[in-house]
């Protein structure tokens with residue numbers, strides 16, 4: 001089943017998870033599962049973040065000071081920890097996006113060269 | 001700032017481990033519940049929903065572990081783990097740990113102890129304000145003697161004509177007997193000119209110092225007391241000023257008390273062993289014979305700020321030249337010199353201390369080389385373990401960190417033990433230091449020195465721990481696994497070469513140390529076996545000084561001492577008793593008293609031959625075992641009345657009566673106001689009076705009535721232990737005069753021991769270091785050879801399988817070890833000869849050697865033999881292990 005899925009979905013490039021997490025929380029505070037759902041939704045369900053591997057990444061980002069966390073309650077009344085993008089996190093996101101754009105452009109140019 | 005936050009978060013993570021793990025668990029549990037809830041929404045049963053959620057989450061435990069690592073634990077926990085693991089390994093490998101820790105500790109301990117002492121002696125400020133400007137002024141003699149005392153007239157000349165000095169003071173130590181108010185006691189008294197306290201920068205805490213007024217004729221005698229004397233004899237009486245004390249039967253008025261801790265004692269040329277406790281006026285008459293004759297003054301001066309030592313000395317020499325022109329009869333050939341105070345006080349120990357410092361540096365180097373060696377061998381032996389761990393997925397940084405933790409742990413243990421050794425070392429140094437070293441009692445562990453040594457050894461731990469760690473983890477896994485137990489590949493060979501180089505270096509350093517120690521030991525033995533001219537066994541000596549006021553007539557003095565020697569000689573246990581004014585090796589006046597021989601042309605003033613002068617009785621020669629070579633001893637009547645007879649020493653007879661019979665010849669020694677001709681009645685053996693090192697000087701002996709001294713040293717030859725005679729001798733003397741003090745009760749062996757004390761100290765220390773170095777080098781050789789045998793197990797097995805005999809295998813290994821040793825010895829001899837040559841040139845070493853060349857071939861040969869023997873023993877154990885290799889097992893090893 002996992003194999004079938006991989007054919008239809010894009011692989012997550014190493015190092016892009018941080019950017020995706022930052023992007024996800026840039027639109028408003030989210031809890032962990034919410035981040036996964038948001039990424040999936042924003043990618044048109046092409047990107048699936050492995051649920052477990054999210055947490056070490058989020059914690060690392062939090063230690064860097066790019067997001068802050070707070071316990072709260074979600075829309076169904078469940079307790080959850082919510083992550084909010086910080087000012088430093090927004091700057092980081094912009095930097096990562098710019099560098100990503102450059103990479104995409106460069107790769108595209110290489111591919112179009114005949 | 002950010003780094004700080006990260007660290008504090010991690011620390012908090014470590015401290016609140018439970019809280020953090022709870023937080024993570026909670027978050028993940030809620031996550032799973034949320035997913036499960038969604039799954040139920042999609043129509044799964046609750047059980048199924050939970051299982052699906054768990055499945056989609058991944059490996060829960062592993063993720064939790066990684067999450068925890070990110071949030072906190074990480075580094076510090078891993079370090080604790082490393083430390084626990086390392087400690088377990090070190091405990092398991094007790095032999096290795098003990099050798100490494102002990103090696104480091106010895107290096108650190110020795111280094112810190114010696115540095116602390118050197119620091120105290122050479123670097124600590126002297127206890128006088130502006131001490132760097134205080135210098136000693138001495139005369140140099142026509143015979144090339146240095147640091148000679150000067151005369152009143154010359155001192156006056158220096159003081160009046162020099163411009164480089166702020167102040168200049170002359171002083172001379174004497175011992176006077178103190179009576180009244182307690183036990184009679186001999187006190188060291190310093191006669192000084194009024195400037196002394198100003199030059200030294202000391203102010204009395206009570207009363208005043210000495211003034212110019214005090215030197216005026218008819219003024220009462222004054223006394224300035226040391227703090228110690230004031231406390232001891234006057235109970236620290238705050239109204240002490242103005243009170244009288246009795247010295248040599250005369251009243252002195254106390255005018256001042258000096259602060260605690262003040263001490264002024266220049267041992268060179270001082271006639272007292274103990275520092276002065278009382279200061280009084282040095283009379284400086286401007287007229288008459290007494291003003292010019294007699295060189296007995298030590299002079300201290302304070303340079304003007306900015307005045308250079310060289311210019312001051314040049315000026316002083318110019319003044320001395322003028323004084324020579326003014327009065328050639330006294331100053332012909334004399335000049336002057338300046339010695340900075342620190343050099344005066346510690347100068348003579350400087351070469352020894354510098355050599356010790358070098359020795360300690362060598363020992364520390366050897367210790368570090370050894371530890372490095374041990375770590376390298378160990379890392380090599382653990383190659384397989386490391387490879388295995390790498391293959392199982394351990395990250396390189398983790399393995400390096402673990403190896404590093406191990407060597408750091410070793411370094412820390414070594415440092416702790418080293419601290420203990422340093423403490424003991426300092427106590428031991430203080431305990432065995434010769435009594436004439438300045439104020440060693442105050443030496444403590446020097447903290448900056450300790451810090452430096454600790455940093456040094458921890459660095460050693462890091463560098464030599466890191467090198468093999470990096471080396472081992474750089475291994476190509478495939479190669480290493482393939483090689484397996486063979487270990488004969490490039491890697492093993494390379495680190496083996498490094499280890500061999502370290503061993504060679506160790507042997508070379510040990511050789512240099514052993515050679516220096518060997519030279520000192522040989523000197524010391526020569527010094528001990530020097531023919532002093534007398535027999536030191538079973539001789540008790542003590543000094544008796546008659547108070548001036550009590551026995552006024554010469555007759556009384558002579559009779560007193562005569563009665564004393566007769567009574568003591570008659571005691572049971574006394575074989576013979578005699579007396580002399582100054583014992584051999586005890587100081588006393590120099591050997592420059594002029595004399596003329598009757599019937600020979602009178603030499604020019606200042607060019608008369610010189611001689612030692614001693615006053616003795618017939619019993620002295622018997623008690624000291626000084627042989628009578630020609631003629632006869634003094635008779636009893638000559639010991640009671642002046643009959644104008646003398647005895648001369650062999651060297652005087654040889655030098656001034658070559659080919660003649662001196663008996664019956666008459667000489668006149670310049671000891672009297674009016675020349676007195678005395679007849680030579682006998683020749684006695686030479687005695688080394690000044691020092692063990694110098695050849696015996698010509699000596700003339702007068703009987704007591706001829707040259708009356710109020711103090712004499714009693715010399716008693718006993719049948720048993722001389723020290724046991726002391727009480728009965730004291731009883732006899734008290735029977736003659738209960739108020740008579742005696743002092744310096746010592747056996748002749750003790751006098752000798754004091755004389756060679758410093759030489760013994762140096763020899764003992766250097767010997768200790770050389771022994772240590774040899775031991776460490778042996779450990780190094782053992783380590784390398786032992787490892788080499790491990791590496792060559794397969795080869796040895798093969799050789800044995802092909803028929804090699806155990807003896808051949810033994811030789812194979814021994815040859816390898818001996819080769820290393822011989823290379824080390826070769827290099828060591830090169831360094832040794834170069835170094836001792838260099839040291840001899842700077843007179844550092846030759847000042848410590850006596851009657852031994854600094855490249856003495858016999859010593860070097862003995863050392864080479866010793867080192868070879870030691871390394872043979874160190875190689876033998878691994879070599880024997882090699883002969884026990886079972887070929888079957890060795891070849892099946894892979």
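Protein chains in written order, with my numbering: chain A, 1 to 114; chain B, 1 to 894. Beta carbons are placed, not taken as given, at the ideal position from N, Cα and C, and that holds for glycine.
Legend entry - In DSSP terms, what residue 173 of chain B is bridged to: According to DSSP, residue 173 of chain B bridges with B:190.
Inset, instruction - Starting from residue 60 of chain A, find everything on chain B with Cβ-Cβ shorter than 7 Å and list it in chain order. - result: Correct list: 70.
Inset, instruction - Please work out which residues of its chain come closer than 7 Å, Cβ to Cβ, to residue 87 of chain A, disregarding the five sequence neighbours upstream and downstream, and give them in chain order. - result: None.
Inset, instruction - Would you mind stating whether residue 678 of chain B and residue 704 of chain B have Cβ atoms separated by less than 7 Å? - result: Going by C-beta atoms, residue 678 of chain B is not nearer than 7 Å to residue 704 of chain B.
Inset, instruction - Find the nearest neighbour of residue 67 of chain B within the set B:573, B:24, B:647, judged by alpha-carbon distance. - result: With distances taken between Cα atoms, residue 67 of chain B lies closest to B:24.
Inset, instruction - Please decide whether residue 56 of chain A counts as near chain B, where near means a Cβ-Cβ distance under 7 Å. - result: At a cut-off of 7 Å between beta-carbon atoms, residue 56 of chain A makes contact with chain B.
Legend entry - Nearest candidate by alpha-carbon position, reference residue 408 of chain B, set B:550, B:555, B:457, B:202: When only C-alpha atoms are compared, the closest one is B:457.
Inset, instruction - Could you tell me the distance, in whole angstroms, from the CA atom of residue 3 of chain A to the CA atom of residue 99 of chain B? - result: The predicted model places residue 3 of chain A with a pLDDT of 40, which falls under 50 and marks its position as unreliable, so this point remains unresolved.
Inset, instruction - Determine, using beta carbons only, whether residue 22 of chain B comes closer than 7 Å to chain A. - result: Not an interface residue.
Inset, instruction - Using the Cα positions of residue 205 of chain B and residue 264 of chain B, report the straight-line distance between them to the nearest angstrom. - result: Their Cα atoms are separated by approximately 16 Å.
Inset, instruction - Return the CA-CA distance between residue 664 of chain B and residue 595 of chain B, expressed in angstroms with no decimal places. - result: The straight-line gap from Cα to Cα measures roughly 16 Å.
Legend entry - Extent of the continuous beta strand (DSSP E) to which residue 744 of chain B belongs: Element bounds for residue 744 of chain B: 742-747.
Inset, instruction - Spell out the partners DSSP gives residue 70 of chain A in its beta bridges. - result: DSSP lists A:82 as partners of residue 70 of chain A.
Inset, instruction - Over the uninterrupted beta strand (DSSP E) stretch that includes residue 21 of chain A, give me the two end residues. - result: Segment 17-26 is the alpha helix (DSSP H) holding residue 21 of chain A; no beta strand (DSSP E) there.
Legend entry - Residues bridged to residue 614 of chain B [DSSP beta-bridge criterion]: In the DSSP output, where bridge partners are listed per residue, residue 614 of chain B has B:701.
Legend entry - Extent of the continuous alpha helix (DSSP H) run through residue 725 of chain B: Per DSSP, residue 725 of chain B belongs to no alpha helix (DSSP H) and is neither H nor E.
Inset, instruction - Could you name the residues of chain A that residue 67 of chain B contacts, counting a contact when the two beta carbons are closer than 8 Å? - result: Those are 55, 56, 59, listed as they occur along chain A.
Legend entry - Residues from the stretch 72-100 of chain A in contact with chain B, defined by Cβ distance under 7 Å: Those residues of the stretch 72-100 of chain A that come within reach of chain B (Cβ to Cβ, closer than 7 Å) are 78, 79, 80, 81.
Legend entry - Proximity of residue 300 of chain B and residue 256 of chain B at Cβ, strictly below 7 Å: Going by C-beta atoms, residue 300 of chain B is not nearer than 7 Å to residue 256 of chain B.
Legend entry - Proximity of residue 752 of chain B and residue 536 of chain B at Cβ, strictly below 7 Å: In this structure, residue 536 of chain B lies closer than 7 Å to residue 752 of chain B by Cβ.
Inset, instruction - Compare the Cα-Cα distances from residue 832 of chain B to each of B:864, B:29, B:194 and report the closest residue. - result: Closest by alpha carbon: B:864.
Inset, instruction - Output the distance between the C-alpha atoms of residue 31 of chain A and residue 49 of chain B, rounded to the nearest integer angstrom. - result: Straight-line Cα distance between these residues: approximately 20 Å.
Legend entry - Rounded separation between residue 572 of chain B and residue 618 of chain B - CA only: Taking the straight line from one Cα to the other gives about 20 Å.
Legend entry - Cβ-based neighbour list, residue 568 of chain B, same chain, cut-off 7 Å, excluding 5 preceding and 5 following: The residues are 574, 577, 714, 716, 729, 732.
Inset, instruction - Flag residue 37 of chain A as yes if its beta-carbon sits less than 7 Å from any beta-carbon of chain B, otherwise no. - result: It does not; no Cβ of chain B falls within 7 Å.
Legend entry - Amino acids of chain A, ordered along the chain, whose beta-carbon sits closer than 7 Å to that of residue 35 of chain B: Under the 7 Å cutoff, chain A gives 33.
Legend entry - Cross-chain neighbours of residue 51 of chain A in chain B, by beta carbon under 8 Å: For residue 51 of chain A, the chain B residues whose C-beta falls within less than 8 Å of its own C-beta are 31, 35, 56, 57, 58, listed in chain order.
Inset, instruction - Tell me whether residue 787 of chain B sits in a helix, a strand or coil according to DSSP, three-state version. - result: Of the three classes helix, strand and coil, the one that applies to residue 787 of chain B here is helix, per DSSP.
Inset, instruction - Leaving aside the five residues before and after residue 915 of chain B along the sequence, list all residues of the same chain whose C-beta is less than 8 Å from its C-beta, in chain order. - result: Since the first and last residues shown for chain B are 1 and 894, residue 915 of chain B lies out of range.
Legend entry - Cα-Cα separation, residue 20 of chain B to residue 80 of chain A: Each residue's alpha carbon lies about 16 Å from the other.
Inset, instruction - Measure the CB-CB distance between residue 373 of chain B and residue 499 of chain B and report whether it falls below 7 Å. - result: Yes, these two residues count as a Cβ contact at 7 Å.
Inset, instruction - For residue 268 of chain B, I'd like the list of residues in its chain whose CB is within less than 6 Å of its CB, leaving aside the five on either flank, ordered along the chain. - result: Excluding residues within five positions, the ones whose Cβ falls inside 6 Å are 147.
Inset, instruction - Closer than 7 Å by beta-carbon distance: list the chain A residues that pair up with residue 28 of chain B, in chain order. - result: Against residue 28 of chain B, the close residues of chain A are 55, in the order they occur along the chain (beta-carbon pairs closer than 7 Å).
Legend entry - Min CB distance residue 63 of chain B to chain A below 7 Å: Interface residue, yes.
Inset, instruction - Excluding the 5 residues preceding and the 5 following residue 488 of chain B in the sequence, name in chain order all residues of the same chain whose CB lies nearer than 6 Å to its CB. - result: Because the pLDDT at residue 488 of chain B is just 42, under 50, the model does not fix this residue reliably, and the value given afterwards should be weighed accordingly. The beta carbon of residue 488 of chain B lies closer than 6 Å to none in the same chain, with the five residues before and after it left out.
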